[in-house]
């Protein structure tokens with residue numbers, strides 16, 4: 001059964017599952033769509049948010065403008081050859097420096113093959129596998145913090161399973177990202193050399209794209225290594241590698257042979273600037289009123305958001321039918337006028353005709369309930385070749401389809417010589433002028449409309465009638481739903497997979513011509529042209545066939561949908577495919593659930609007979625501090641290496657962004673001094689500290705900087721530990737209450753991490769680890785450690801490093817290696833990432849719940865006491881001689897003497913520190929105390945008269961269980 005993870009299912013599968021019953025079966029036509037998505041409202045809110053951000057004045061005091069000072073950089077100076085183990089015998093630097101810590105380790109891990117499933121150094125190997133499919137980043141540019149979140153989450157899961165003894169496979173890869181990459185390269189060629197794609201042959205242009213791919217691909221892999229991703233680089237793949245290309249060809253041919261891929265003429269989303277069909281994800285739908293927009297290829301801005309009304313004269317009768325439209329230039333392709341059958345205004349014209357004023361065609365007046373009587377005049381023009389609704393009308397009413405706008409965005413010959421070759425939005429004004437001249441123009445008004453805009457080119461999308469390749473999704477969706485045993489919101493409309501580009505997988509189909517025949521040219525799919533000829537000869541009987549390869553390429557999402565099994569060598573039955581397919585889990589962003597996840601489910605089910613993954617874990621989107629999604633097209637991305645190494649604003653100017661993107665990217669007021677150096681471990685820990693399910697993540701650099709401070713806390717802890725550890729750390733006496741407490745806290749932390757890892761709540765894991773290290777180990781235990789307790793200190797630090805290793809691989813490796821000489825059975829040549837991950841079942845003998853409860857109570861007392869001291873403004877420099885209010889503090893302390901052992905003569909130090917706020921008081925003050933047995937209620941007989949003193953009076957000994965109430969008054 002395919003499950004969506006053990007995270008609360010309503011969060012993980014919010015878009016995969018529905019509690020509604022399945023909708024009726026939808027049509028398999030390319031135009032059908034049984035689940036339209038509310039793009040308009042979503043994009044309207046996004047646009048308004050972005051406009052408000054860019055136009056608003058920034059406040060003078062920014063919360064995120066964190067005051068920071070450049071830290072001293074410490075360089076690892078040892079002569080360590082690349083790939084050899086780092087020398088940890090050197091003196092530990094005085095403070096944490098990411099540059100020092102992160103040097104040399106990854107090269108050693110990679111060269112030794114620690115990340116490969118074949119590595120044999122695990123003494124605790126279990127007979128289980130764990131495979132994870134990385135969402136392959138596009139080679140359009142470098143990674144941003146959204147990718148870093150994916151890496152941090154997935155690597156934490158991968159490293160933990162590896163430490164648990166699993167055979168782990170995590171394969172790196174990149175996606176060729178057809179339309180996006182081609183657009184970026186075209187922009188680069190135009191910027192650098194003033195040349196357009198049309199100035200090159202296809203072969204020459206592809207050579208330039210491969211050059212770009214090699215540059216960006218290497219940079220992406222460098223970023224992944226710097227992020228500490230424990231990927232098996234020996235299996236790295238690219239979606240246009242020869243092996244992957246064979247898988248794409250095989251998938252296309254198999255689906256074509258089974259009738260699931262076909263070629264048909266249908267309306268598609270067309271970008272006139274790119275001269276290609278584009279997928280739904282390439283379209284940003286904007287809701288707008290009257291506005292002027294810049295359109296590629298036009299010098300002046302074009303008006304949108306208005307509805308124009310003009311009249312069609314009735315044929316053979318006096319009168320007219322007025323229609324309203326937002327696209328008057330398409331009226332040359334009108335083939336009918338439609339009205340609602342129940343609209344009383346048009347009852348008299350049912351079945352009659354109108355005369356087209358420019359082409360002289362007769363347009364029938366048809367009735368259809370799809371017409372909205374309240375919109376415009378209630379009568380609509382029908383243009384089947386340029387509108388999706390009109391196309392369906394033409395199917396129901398057997399209307400012709402007349403294309404009047406070409407693929408390049410100019411008007412076609414059927415429009416007449418006066419418009420032929422004119423650009424579509426220039427023709428718009430000419431048509432309006434002609435209607436005015438013929439006295440058929442009836443007015444213009446503002447109209448909120450849905451405007452599709454291509455996110456790659458900024459062009460206005462034009463629905464055009466084109467012959468394209470489609471995947472029939474209905475049957476595949478039903479099969480996937482049945483196999484997964486749950487109702488999935490899979491796409492049921494047919495999927496256009498052909499693109500009129502140069503970069504991508506060329507469609508394995510051939511335009512076939514039969515010699516000495518007048519038969520129409522046909523298309524046939526095949527692995528090679530020889531295969532096609534043989535196929536035709538066997539099944540048709542022709543001996544000589546001329547074939548030409550289809551020039552179009554496949555939609556990027558088609559090849560991406562094959563990634564979980566194509567990366568393992570499919571269609572060959574490789575060892576990797578048999579061992580690691582299906583993947584244990586898919587982890588990706590929630591924005592890819594429809595375009596990538598759903599298509600992987602359908603293609604994997606159809607081609608392999610199995611769901612491609614057993615679980616799905618969706619993480620939230622990473623947004624900037626203004627709430628915008630980090631996107632290369634928006635220009636608000638932050639390179640993870642900028643956070644790791646620290647960067648200034650100058651780097652933004654070096655990018656390959658267009659002016660619109662640079663305008664936003666240069667708004668670096670959030671970091672007036674640049675981005676401080678935080679390091680990989682701090683960045684990963686900060687990303688995993690956010691709740692992945694639910695609201696999107698607004699990451700601030702101050703949060704990452706705070707995690708760097710935590711790294712320094714770890715560093716100083718180990719410096720102290722190394723300073724006190726000796727040759728013999730074996731205790732000679734039984735554990736004290738303090739020992740039992742810290743051991744029990746470690747057990748509870750391990751148990752909490754176990755449970756949270758199983759439900760993929762990594763923010764709970766990071767919170768538990770931070771709390772144990774800082775609040776339990778450092779604030780309490782290490783403050784009162786003594787030689788007899790050093791073995792406990794060693795195990796607490798060592799296990800904590802192992803627990804933190806999946807999140808912070810570099811600093812934990814550095815510190816753990818330095819700790820090994822003091823531990824039992826040193827493992828000098830074994831990395832921490834191959835050590836057993838702490839398990840609660842192995843620490844059950846360290847579980848002392850009573851001590852934990854007692855210490856939790858005492859820690860709360862300390863917190864309240866310090867809070868009261870702060871509220872009263874009492875410090876050593878400024879003691880309070882008189883309190884303006886009566887403060888009543890109830891202190892409950894159980895087995896004080898045993899919980900806080902006395903290290904020497906005098907009062908127990910922790911007992912004093914628990915009550916050290918009283919030192920800030922100036923006598924005279926009143927102090928009364930009650931004492932009684934554990935759990936006993938206060939009784940007047942235990943009351944002693946308050947006395948004036950320079951300090952508190954305590955008659956009960958700290959070793960006696962008791963309840964103490966102090967009444968302090970001025």
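Residue numbers (UniProt numbering): 1 to 970.
By construction, the Cβ of each residue, glycine as well, lies at the ideal position given by its N, Cα and C atoms.
CA-CA distance, residue 388 to residue 638, rounds to 39 Å.
In the structure shown, the three-state DSSP call for residue 810 is helix. A direct Cα-to-Cα measurement between residue 571 and residue 579 gives close to 15 Å. The beta carbon of residue 163 is closer than 8 Å to those of 802, 805, 806, 833, 834, 835, 836, 837 in its chain, skipping five residues each way along the sequence. Per DSSP, residue 320 lies in no alpha helix (DSSP H) segment; the continuous beta strand (DSSP E) that holds it begins and ends at 320-325. Using a 10 angstroms sphere on the CB of residue 375, the tally of other CB atoms stays under 16, which defines it as exposed. Residue burial annotation: residue 494 is buried, with at least 16 other C-beta atoms found within 10 angstroms of its C-beta. With fewer than three CB-CB distances shorter than 8 Å, the region 376-395 does not count as touching the region 352-360. A direct Cα-Cα distance of roughly 37 Å separates residue 862 from residue 159. The region 549-567 and the region 597-604 touch, with no fewer than 3 CB-CB distances between them shorter than 8 Å.
One thing to note: residue 172 has its Cβ no nearer than 8 Å to the Cβ of residue 680.
Rounded to whole angstroms, the gap between the alpha carbons of residue 223 and residue 166 is 26 Å. For residue 358, there is no enclosing beta strand (DSSP E), as DSSP gives it neither H nor E. Annotation for residue 645: no beta strand (DSSP E) segment contains it, though the alpha helix (DSSP H) segment containing it runs 640-645.
Contact annotation: the region 457-471 does not touch the region 236-244, with fewer than three C-beta pairs closer than 8 Å.
Within the region 463-502, no run of beta strand (DSSP E) at least 3 residues long lies entirely inside it.
Nearest C-alpha to residue 95 among 72, 456, 79, 136: 72. In summary, residue 301 is exposed, with fewer than 16 beta-carbon neighbours lying within 10 Å of its beta-carbon over all protein chains present. Considered as a whole, the region 549-606 harbours 586-589 as its complete beta strand (DSSP E) runs of no fewer than 3 residues, in chain order. Ranked by how close their Cα comes to the Cα of residue 331, the residues 121, 170, 412, 181 have 412 in first place.
Around the C-beta of residue 292, fewer than 16 other C-beta atoms lie within 10 Å, and the residue is accordingly described as exposed. Looking at 271, 702, 707, the one whose alpha-carbon comes closest to that of residue 684 is 707.
Contact between residue 178 and residue 504 holds: CB atoms are separated by about 4 Å, below the 8 Å threshold. Looking at the DSSP output, residue 380 sits in a beta bridge with 338. For residue 574, the closest alpha carbon among the candidates 81, 235, 157 is that of 235. The Cβ atoms of residue 295 and residue 459 sit closer than 8 Å to each other. Comparing alpha-carbon positions, the option among 89, 557, 153 lying closest to residue 239 turns out to be 557. Put simply, the backbone Cα of residue 298 is about 38 Å away from that of residue 135.
Taking the CA atoms as reference points, residue 734 sits about 10 Å from residue 789. DSSP, reduced to helix, strand and coil, places residue 701 within a helical segment of the structure shown. Taken through DSSP and simplified to helix, strand or coil, residue 314 comes out as strand. Residue environment for residue 340: buried (at least 16 other C-beta atoms within 10 angstroms of its C-beta). The three-state reading of DSSP puts residue 72 in coil, since its state is none of H, G, I, E or B. Collapsing the DSSP output to three states places residue 417 in coil. Taken through DSSP and simplified to helix, strand or coil, residue 398 comes out as coil. In the three-state reduction of the DSSP assignment, residue 609 falls in the coil class, being assigned neither a helical nor a strand state.
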